[in-house]
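Encoded as structure tokens, the structure appears first; notes follow it.
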Amino acid sequence: MSESNSKEYYELLVDDIAALQQRVDTIEDQLTALERPDEQALGAALDQEDSHRC
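Per the numbering used here, the very first residue in the sequence shown carries number -4; after that it's consecutive.
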């Protein structure tokens, strides 16, 4: 493999790793959201539950 091909290959790998890291970050954010629902969504669910009791 020539030096320029090696450099291009390395740059492609770096780009692929960056894209994968971005996907991992997105998945982690989604998991965090599932583990800790935001207070507004929780409050709305509780309000809805209360309205069914009336």
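Idealized CB from N, CA, C, for every residue including glycine.
Query raised in the report: Cβ of residue -1 versus every heavy atom of the ligand COA: is any distance shorter than 8 Å?
Result: The ligand COA is absent from the structure shown, which contains no ligand whatsoever.
Report task. Measure the C-alpha to C-alpha separation of residue 31 and residue -1 and round it to an integer number of angstroms. Result -> As a position in the sequence shown, residue 31 is number 36, starting the count at 1. As a position in the sequence shown, residue -1 is number 4, starting the count at 1. Approximately 48 Å, taken between the alpha carbons.
Query - DSSP-derived helix/strand/coil call for residue 18 - result: On the sequence shown, position 23 is the one that residue 18 refers to. Helix, per DSSP.
Query raised in the report: Hey, how far is the Cα of residue 16 from the Cα of residue 1?
Result: In the sequence shown, the residue the question calls residue 16 occupies position 21. In the sequence shown, the residue the question calls residue 1 occupies position 6. Approximately 22 Å between the Cα atoms of the pair.
Query raised in the report: Near residue 7, what residues of its chain come up, given a Cβ to Cβ distance below 7 Å and the 5 sequence neighbours on each side ignored?
Result: Stepping through the sequence shown from its first residue, residue 7 is reached at position 12. Correct list: empty, nothing qualifies.
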